[in-house]
Amino acid sequence: MVTEVIRYASSRRNVGSYIGRALLYITLTLGAVAMVVPFVWMILTSLKSPAEVTTFSWFPAELHWDNYAEAMSAAPFIDYFRNSLILTIGQTLLTLVFATAAGYALAQLPIRGRGMLLGYVIVLLMVPFQVVIVPLFLVVKQIPLFGGNDIFGQGGNGWLDSWWGLIVPLAMGPLYIFLARQFFVTLPPELGEAARIDGVNEFGIFARIMVPLVRPALVTIAVFQIEAAWNSFIWPLVSTRSQDLRPLQLGLAIFAQDPLNIQWTYLMAGATLATLPMILLFILAQRYFVQGLANAGLKG
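Residue numbers for the sequence shown follow the UniProt record's numbering, beginning at 1 and rising by one.
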């Protein structure tokens, strides 16, 4: 009798486990479909004729691969790609240096008020970029001794409409500091103490011992920053006037300048080409990226 009761209870647990797993798979599948459908729609639209875009249809009646060539010839997209590449590389390199240094300091160094600084970083995570864009614009405009400004930051444009203004202001973020700190806090402090006994200075401990041990964090931060820099739109729109500095996302806006005549086929073709580098990046860095996000939440 007891054996039958145990068997019955085990059977019910198995049924509940199967149902729960089935619901999980269904939810994940629906989420995956919801994420993929807009991308598939973008590609299919890029291959349609302008007349087909005005009517609803999933698949184009005829594939118009020439949309890609015509979209690339409508504006200097080679220059836009180059600008986006420079912007992305510059911001990513600076972010890796600054974020890892700040994260290491918050995790491993005996700084007075370290808890308050960490709390300040966490609070900044909740501040949207749109809130700080006006103060950031004023600060960049009043950088002393740049862009015609005097020592007090008056009289010129500062870093506006320059590579400095495009790269430096967004080369740091509280999310990147938090991620770096979460990795450094998992490393035993004995590593640094042993290195200090051996005569290694603080910079050597940081650069030669600690940083190589947090490679997943570096990849995770780099992927986040590359995606943000490559898709940046608002700040380049606000801080630049010259076409020579404008990145790819602003270049794509040329197809939507006239609200009554948006060139959807060219816009989708350009957006598809702009998306491909990010997809390739995620595929190559997927293992480190997932590992980095998983480890980021393990330590408080």
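We treat Cβ as the ideally placed atom computed from N, Cα and C, and that holds for glycine.
Measure the Cβ-Cβ separation of Ala99 and Ile197 and say whether it is below 8 angstroms. In this structure, Ile197 does not lie closer than 8 angstroms to Ala99 by Cβ.
Tyr288 and Leu216 - do their beta-carbons sit closer together than 8 angstroms? First, the residue type needs correcting, since residue 216 is Pro and not Leu in the sequence shown. In this structure, the beta-carbon distance from Pro216 to Tyr288 falls below 8 angstroms.
Using the three-state DSSP reduction, which class does Lys141 fall into: helix, strand or coil? Helix.
Can you tell me whether DSSP reads Gln154 as helix, strand or coil? coil
Between the beta-carbon of Leu136 and the beta-carbon of Pro174, is there less than 8 angstroms? no
By Cβ distance, which residues of its chain are closer than 7 angstroms to Thr92, with the 5 residues on each side in sequence left out? Ala222, Gln225, Ile226, Ala229
Are there 16 or more other CB atoms within 10 angstroms of the CB of Ala71, so buried, or fewer, so exposed? buried
Could you give the distance in angstroms between the alpha-carbon of Ala285 and the alpha-carbon of Val211? Note on geometry: alpha-carbon atoms of Ala285 and Val211 lie some 18 angstroms from one another.
Whole angstroms are fine: how far does the CA of Met42 sit from the CA of Met35? 12 angstroms
Considering only the alpha carbon of each residue, which of Tyr80, Val219, Gly192, Pro76 lies closest to Val290? Val219
Once the 5 residues before and after Leu160 are set aside, which same chain residues still bring their CB inside 7 angstroms of it? Val140, Lys141, Gly147, Ser239
In whole angstroms, give me the CA-to-CA distance for Leu273 and Arg246. 17 angstroms
To the nearest angstrom, how far is the alpha carbon of Leu187 from that of Arg208? 14 angstroms
Just the Cα atoms here: how many angstroms apart are Ala74 and Leu248? 13 angstroms
CA-to-CA distance, Ala253 to Pro259, given in whole angstroms: 11 angstroms
Chain-order list of residues whose beta-carbon lies under 6 angstroms from that of Leu94 (same chain, five-residue window excluded): Ala171
Would DSSP call Trp58 helix, strand or coil? coil
Whole angstroms are fine: how far does the CA of Thr29 sit from the CA of Leu44? 21 angstroms
Helix, strand or coil for residue 308 per DSSP? Beyond the ends of the chain as shown, which are 1 and 300, falls residue 308; an answer cannot be given.
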